[in-house]
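Remarks on the structure that follows.
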Amino acid sequence: MRQAFINTLMELAEEDDSIYLLTGDAGFTILERFRDRFPGRYYNVGIAEAAMIGLAAGLAMSGKTVFVYSIVPFVTMRCFEQVRVDLCYQKLPVKLVGVGQGVTYGTAGATHHAIEDIAVMRALPNMTVICPGGPIETKKAVAASLDLTGPCYIRLGKSGEPTVHKSEDISFAIGRGIRVREGVGVALVATSNMVPTAVAAADLLEKEGWKPEVISMHTVKPIDRELLAATAGRCPLIATLEEHNLIGGLGSAVAEVILADDLHARLITFGIPDQYAPVAGSQEYLRDLFGLLPEQVAEVIRDKLKEKIVSGKP
Amino acid sequence: MNTAEISREIRQRLVRMHQTGSHFGSAMSIVDILTVLYFRVMNIASPDDPGRDRFILSKGHATSAWYTTLARKGFVDEKVLDTYLKDGGQLYGHPVRGGVPGVEASTGSLGHGINIASGIALAGKNDGRDYRVYVLMGDGEIQEGSVWEGAILAARLKLDNLVAIVDANNLQGFDRVEKIQPIRTFRKKWEAFEWGAREVDGHDHDQLERALREAPFVPGAPSVVIARTTKCKGVKEMEDCFESHYLSVPKDKVECYCRELEEEQ
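Protein chains in written order, with the working numbering: chain A, 183 to 496; chain B, 1127 to 1391.
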């Protein structure tokens, strides 16, 4: 996803000389090509995130299209109040790009995990929150972000994430979820790099005769209410999947829509319980710990489907 | 230009405006700085001229002085000043970008202005424009860590088109500034961060003008003018009182203060 981001940004920057890239001293093996190709439009601001956001705001006020890159906690929470006042309050189209979504940097410990970022970014007026579900969506999201008039947060993983799309020819629009697989009875609504997990869990359920729908909800804010309404019409059970605290993220956003729009669906939320990782562990290990592997997700959904209250079997 | 007269008018207007709300003393403190900037130093024919010099009020709580200066400059209708802090209006107690012509940035949370100013200054240099960016901070405000992140950054970017002004009135929200951090070392601190620095009497228009015109003080470096000021300057019984940060002007004192300002000339 990091490569998809920088490759896309390089292409865009060739065409658009207003594009600037700021980094908070992160980006080893990723940003060098941009730095070397566009030296006057690349700044390593240093380990100074508050200053970096203010600088980005001033550049944006002067007509620049600014991307700000760092590890998620440092580009969202370390400088939260600068993001709030300088970018959101002033409604400036600065693009925050965070790498290391969820527990991507598992063994690094919770300082480097990103499990509250969607919740806090979502609470900011004027902020758009985009969590691409793989490299193809990343590419599309970065390009589409140029059209936004306010700030956005683009939440990325690292490298080597699989894509669930067969080709780059997908219909992508900010604020519109993507139906990856049509189904009936149950829908798996996933964001960020839990989309491949949703597909894998759906594969397991399909083998047992269920027909799960899978949605990549790459934009968590504004969330696609229409798609959720249409989905709830066919799927009385909705499961959300995210590598994020169960409080305030995708699951909360979907729950808000179910309640506010009076959708007739039950909701199961898969995510990280309200805690920091209690042990060192790889992303895979921590996903296992938090019940986020495809087999674990499929098992919980299967049990719900078998409950009488939901007759999901086609 | 007789800027003393302009400053007096602005202070009298502030006395009338501040029958409600806080930060009367903070506003009175910076009137001379704003007057010298807008009427002697800055190149700003209109508030939306792309080539204009920029001013950012980082100590946003003193915004009534900015609104009043912009009105005196002719960018804002004088009548709009009557809506200060009024329900449904745009004259908030802290400035909001776009709310009033000439307000460049939304501030109010301290320690933000310097970095926004650096971004505008950097864009100006990269685009080959010769505008300058002025940012006014409080002496309490520079306790914020983001100011010193910004000090490192602006020096490293060689923003010699950036001029910071510190309104050094030695009073902050709940104490003397010098009880929180030493104030005599301000200049050394900025110089240690590789800024050119000057200290002036922040109520002396000629001293202010000279310093602001002579910047950059060090070639290729950003500049800071430490303006030694008196909080609530112009109203003797509230001068240098930290209560003037909070208290409004009592109704029965308005004419008395305005007369005092008249007689001072």
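Just so you know, even glycine gets a beta-carbon here, dropped at the ideal spot from N, CA and C.
For this session: Using beta-carbon positions only, say whether VAL279/A and ILE336/A come within less than 8 Å of one another.
Result: For VAL279/A and ILE336/A, yes; Cβs fall inside 8 Å.
For this session: Express the C-alpha separation of PRO1221/B and TYR271/A in angstroms, rounding to a whole number.
Result: For TYR271/A and PRO1221/B, the gap between their C-alpha atoms comes out near 11 Å.
Problem set entry | First through last residue of the beta strand (DSSP E) which encompasses ALA412/A | Unbroken run through ALA412/A is the alpha helix (DSSP H), 407-416; no beta strand (DSSP E).
Problem set entry | C-alpha gap between ALA326/A and PHE262/A, whole angstroms | ALA326/A and PHE262/A: Cα-Cα distance of roughly 24 Å.
Exercise. Would the beta-carbon of ALA1191/B fall within 8 Å of that of ALA1231/B?
Worked result: No, the Cβ-Cβ distance between ALA1191/B and ALA1231/B is not below 8 Å.
Exercise. Using the beta-carbon count (16 or more within 10 Å), is TYR458/A buried or exposed?
Worked result: TYR458/A should be labelled exposed.
Exercise. Could you give the residue range of the alpha helix (DSSP H) that holds LYS277/A?
Worked result: Careful: LYS277/A lies outside any alpha helix (DSSP H), inside the beta strand (DSSP E) at 277-281.
Exercise. What residue range is occupied by the uninterrupted beta strand (DSSP E) comprising ALA1290/B?
Worked result: 1288-1294 is the extent of the beta strand (DSSP E) around ALA1290/B.
Exercise. For ILE385/A, which residues of its own chain have a beta-carbon under 8 Å away from its beta-carbon, when the five flanking residues on both sides are left out?
Worked result: The sequence as given places Asp at residue 385/A; Ile does not occur at that position. Excluding residues within five positions, the ones whose Cβ falls inside 8 Å are PRO476.
Problem set entry | Cβ-based neighbour list, ASN1241/B, same chain, cut-off 8 Å, excluding 5 preceding and 5 following | Here the set comprises SER1272, GLU1275, GLY1276 and LEU1279.
For this session: List in chain order: all unbroken beta strand (DSSP E) runs of 3+ residues lying wholly within the stretch 359-406 of chain A.
Result: List check, beta strand (DSSP E) in window: 360-363, 368-372, 395-398 and 401-403.
Exercise. Curious, which full-length alpha helix (DSSP H) runs of at least 4 residues does the stretch 275-348 of chain A contain?
Worked result: Counting whole runs of 4 or more residues, the stretch 275-348 of chain A contains the alpha helix (DSSP H) stretches 299-304 and 317-326.
Problem set entry | Cross-chain neighbours of LYS246/A in chain B, by beta carbon under 7 Å | Neighbours of LYS246/A on chain B, chain order: ALA1249.
For this session: For LYS277/A, count neighbouring Cβ atoms within 10 angstroms of its own Cβ and tell me buried if that reaches 16, exposed if not.
Result: Buried, since its Cβ has 16 or more Cβ neighbours within 10 Å.
Exercise. Where in the stretch 1209-1295 of chain B do unbroken runs of the beta strand (DSSP E), each at least 3 residues long, occur, reported from the N-terminal end onward?
Worked result: Fully enclosed beta strand (DSSP E) runs of no fewer than 3 residues occupy 1259-1264 and 1288-1294 of the stretch 1209-1295 of chain B, in order along the chain.
Exercise. DSSP state of ILE483/A, grouped into three classes?
Worked result: If DSSP states are grouped into helix, strand and coil, ILE483/A belongs with the helices.
For this session: Give, in chain order, every unbroken run of the alpha helix (DSSP H) that is at least 4 residues long and sits entirely within the stretch 1295-1357 of chain B.
Result: 1303-1306, 1312-1318 and 1331-1340, all fully within the stretch 1295-1357 of chain B.
Exercise. If GLN1145/B sits next to VAL1344/B, beta carbons under 8 Å apart, how far is it from one beta carbon to the other, in whole angstroms?
Worked result: Actually they do not touch by this definition, with Cβ atoms about 45 Å apart.
Problem set entry | At least three beta-carbon pairs within less than 8 Å, the stretch 1235-1254 of chain B to the stretch 1174-1182 of chain B | Flag = yes, the stretch 1235-1254 of chain B and the stretch 1174-1182 of chain B touch.
Exercise. Do the stretch 445-464 of chain A and the stretch 1128-1135 of chain B touch if we need at least three Cβ pairs shorter than 8 Å?
Worked result: No contact exists between the stretch 445-464 of chain A and the stretch 1128-1135 of chain B.
Problem set entry | Identity of the residue in GLU1325/B, GLU1320/B, GLY1147/B and ARG1354/B nearest ASP1213/B by Cα | Residue GLY1147/B holds the alpha-carbon nearest to the alpha-carbon of ASP1213/B among GLU1325/B, GLU1320/B, GLY1147/B and ARG1354/B.
Exercise. Is the distance from the Cβ of GLN185/A to the Cβ of SER341/A below 8 Å?
Worked result: Yes, the Cβ-Cβ distance between GLN185/A and SER341/A is below 8 Å.
Problem set entry | Helix, strand or coil at ILE1132/B according to DSSP, with G and I counted as helix | In the three-state scheme derived from DSSP, where H, G and I count as helix and E and B as strand, ILE1132/B is classed as helix.
For this session: With 8 Å as the threshold, decide whether the Cβ of PRO467/A is near any Cβ in chain B.
Result: Correcting the residue type first, residue 467/A is Tyr in the shown sequence and not Pro. Interface criterion not met: the Cβ of TYR467/A is under 8 Å from no Cβ in chain B.
Problem set entry | Alpha carbon of ASP1208/B to alpha carbon of MET1143/B, nearest angstrom | It is roughly 7 Å from the alpha-carbon of ASP1208/B to the alpha-carbon of MET1143/B.
For this session: Give the straight-line distance between the Cα atoms of LEU1283/B and ILE356/A, rounded to the nearest whole angstrom.
Result: Taking the straight line joining both Cα atoms gives about 35 Å.
Problem set entry | As assigned by DSSP and simplified to three states, the class of GLU1163/B | Correcting the residue identity first, residue 1163/B is Leu in this sequence and not Glu. In the three-state reduction of the DSSP assignment, LEU1163/B falls in the helix class.
Exercise. With DSSP run on the structure shown, which of helix, strand or coil describes SER1190/B?
Worked result: Helix at SER1190/B.
Exercise. Leaving out the 5 sequence neighbours to the left and right, which residues in its chain are closer than 8 Å to GLU388/A when beta-carbon positions are compared?
Worked result: Once the five neighbours on either side are set aside, the close Cβ partners of GLU388/A are PRO394.
Exercise. Exposed or buried, GLY249/A, counting other C-beta atoms within 10 Å across all chains shown (16 or more means buried)?
Worked result: The sequence shown places Phe at residue 249/A, rather than the Gly named in the question. By the Cβ neighbour-count rule, PHE249/A is buried, with 16 or more other Cβ atoms within 10 Å of its own.
Problem set entry | Length-filtered (4 minimum) alpha helix (DSSP H) runs lying within the stretch 428-492 of chain A | Along the length of the stretch 428-492 of chain A, whole alpha helix (DSSP H) runs at least 4 residues long occupy 432-442, 465-471 and 476-488, reported in chain order.
Exercise. Under a Cβ-count criterion, where at least 16 other Cβ atoms within 10 Å of its own Cβ denotes burial, should THR1311/B be classed as buried or exposed?
Worked result: THR1311/B counts as exposed, since fewer than 16 other C-beta atoms from the protein chains shown sit within 10 angstroms of its C-beta.
Exercise. TYR1210/B: which of GLY1250/B, ARG1178/B and VAL1141/B sits nearest, CA to CA?
Worked result: Closest option to TYR1210/B, judged by alpha-carbon separation, among GLY1250/B, ARG1178/B and VAL1141/B: VAL1141/B.
Problem set entry | Cut-off 6 Å between Cβ atoms - residues of its own chain near GLY228/A, not counting five sequence neighbours on either side | Cβ neighbours of GLY228/A within its own chain (closer than 6 Å, five residues either side excluded): ASP207.
Exercise. Are the C-beta atoms of HIS1238/B and some chain A residue less than 8 Å apart?
Worked result: Against chain A, the CB of HIS1238/B has a partner CB under 8 Å away; the residue lies at that interface.
Exercise. Going along chain A in order, which residues have a C-beta closer than 9 Å to the C-beta of GLU1267/B?
Worked result: Identification of chain A residues near GLU1267/B by a Cβ-Cβ cut-off of 9 Å yields none; the smallest Cβ-Cβ distance measures about 13 Å.
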